[in-house]
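All remarks here apply to the structure that follows.
Numbering (the numbering used here), first residue to last: -16 to 198.
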């Protein structure tokens, strides 16, 4: 479902990026950035969109209903990166389009970012462990596995931190960066529904529409 929605959104992404180019609209064109400048502006703007929508979904109780499906996984691995409710995916697409509109990101910049985010999402959710020094060094610029897995810890405020997708600079800039030793991390948000339901597709799909307390 996540992939189907994003395939549909891709049409609007192409149309909007082409419109920005033809109209000369967006930061890329206002600053006459050139190819390398367009890549830098586009990639950073789109990564900011990923951070921003992620932060909004954690702060808004209604939107959190959709995003908590991603956090309900009790065994974080590569597949967790694709575990999104359709409502979550749609909202991410809207923010993505908004930052394309503001930045004027050309399609080659969009494709570069999409490649980066797919690789990083798989890397940060994978059931792997880097040497602590390497992971910490990596986290000064990029989202590292240990950094992102803190975000999947069941307990707040750790759940409400480390929102970044590719770059860690946004969490450091907006003071949402936190650390926790991997041995102390426990995945999942079991208080929302029974633990054994964390892979029940139909229950997860309808869960945001049920009238029950989410926070």
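Virtual Cβ for every residue (Gly too), placed ideally from N, Cα, C.
88 is the residue among 40, 109 and 88 whose C-alpha sits nearest the C-alpha of residue 23. Between residue 74 and residue 163, the alpha-carbon positions lie close to 29 Å from each other. Secondary structure at residue 170: strand, using DSSP grouped into helix, strand and coil.
Looking from the CA of residue 60, the closest CA among 99, 48 and 103 belongs to 103. With the rule of 3 Cβ pairs closer than 8 Å, the segment 42 to 55 does not count as touching the segment 78 to 86.
Remark: three or more beta-carbon pairs, one from each stretch, lie closer than 8 Å, so the segment 97 to 115 and the segment 135 to 152 are flagged as touching. In terms of Cβ geometry, residue 150 and residue 125 form a close pair [threshold 8 Å]. DSSP, read as helix, strand or coil, puts residue 125 in strand. The residues 28, 29, 31 and 32, in chain order, have a CB closer than 7 Å to that of residue 82 in the same chain once the five nearest residues on each side in sequence are set aside. If you check the CB distance, residue 140 and residue 48 do not come in under 8 Å. Take the alpha-carbon of residue 144 and the one of residue 154: they are about 8 Å apart. With respect to the 8 Å criterion, residue 72 and residue 131 are not classified as neighbours on the basis of their beta carbons.
For residue 172, the closest of 98, -2, 65 and 142 by C-alpha to C-alpha distance is 142. In its chain, beyond the 5 residues on either side, 3, 86 and 87 have a beta carbon closer than 6 Å to the beta carbon of residue 9.
Taking the Cα positions, residue 161 is about 12 Å away from residue 119. In chain order, 129 place their CB closer than 6 Å to the CB of residue 165, counting only its own chain and leaving out the 5 sequence neighbours on each side. Taking every protein chain shown into account, the CB of residue 77 has fewer than 16 other CB atoms within 10 angstroms, so this residue is exposed.
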